[in-house]
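First residue of the sequence shown: 11, per my numbering; consecutive thereafter. Scroll down for the structure; my scribbles are underneath it.
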Amino acid sequence: TLLNYLEVMKNTKTQSVAYLYKGMNAARQGDWKNAEDFFKQSRTIAQKGNFIYKQPLNLAYLSLSLYFNQNYIQAIEPATEVVNNEESDEQSKAIAALSLAYTYFLMERQELADKWFSQAQNELNPKWLFEYKLFLQLKLERQHQSNSVLIPQTEQEIADLDLQIQNLSQVIKVDEEIYQNLLKQIAKKMTSEEK
């Protein structure tokens, strides 16, 4: 695989990013345990190589994966690090806020849950389908807790988003031949850069 090749080539920067994207892919498939492992590997590699590219995003997703793997207290630190880092991008901060909203909602820390829920609501882009779905699911949980009359509306939003995600996955299927050619080109380029 590409990751094995990168390990052999000792290209730590590319390895870190590859593990980040493998983690994001695992998370989107609901495989939070593997996602957490990939995010931790990305973080470890990045720290060894003093490589900061995409690390706020990695930490934000790590926080979410910790939450979904029932490591609630541990989820707070990486998310807080992201939201307090001035260099964190908008998406990373939104995902970290979402993680904090989930965590504090579960811990029944209502004031903090409301604060981070509002921040996630303001910062999340509905075009980020996976993350926005997680937000809507939390919104629905909160509505159930308060017996809101808006429950059917949120359920419909989630159903519409699921359909959008399903349609998108059909449209963007990767042609295997193109994928294999791309892997070969990457390997060739990396080999020439190593010389």
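Positions of the beta carbon are idealized from the N, C-alpha and C atoms, including for glycine.
- Query: When burial is assigned at 16 or more other CB atoms within 10 Å of the CB, is Ile105 buried or exposed?
  - Reply: buried
- Item | Beta carbon of Asn68 nearer than 8 Å to that of Ser52 | yes
- For Val159, is the classification buried or exposed, using 16 other Cβ atoms within 10 angstroms of its Cβ as the cut-off for buried? exposed
- Task: Between the Cα of Phe115 and those of Ser156, Lys194, Leu192 and Gln65, spot the shortest distance and give me the residue it belongs to.
- Result: Ser156
- Task: Please name the residue, chosen from Leu139, Leu148 and Phe140, that lies closest to Phe127 on a Cα-to-Cα basis.
- Result: Leu148
- Message: On a Cα-Cα basis, can you pick out the residue from Met117, Asp172, Gln190 and Glu151 that is closest to Arg38?
- Response: That would be Asp172, whose Cα lies nearest to the Cα of Arg38.
- Query: So, using beta-carbon positions, are Lys32 and Asn79 closer together than 8 Å?
  - Reply: no
- Provide the residue span of the alpha helix (DSSP H) that contains Tyr71, from first to last. Gln65 to Phe78
- Asn132, enclosing alpha helix (DSSP H) - first and last residue: Annotation for Asn132: the continuous alpha helix (DSSP H) segment containing it runs Gln120 to Glu133.
- Taking just the CA atoms, how far does Tyr71 sit from Phe61? 17 Å
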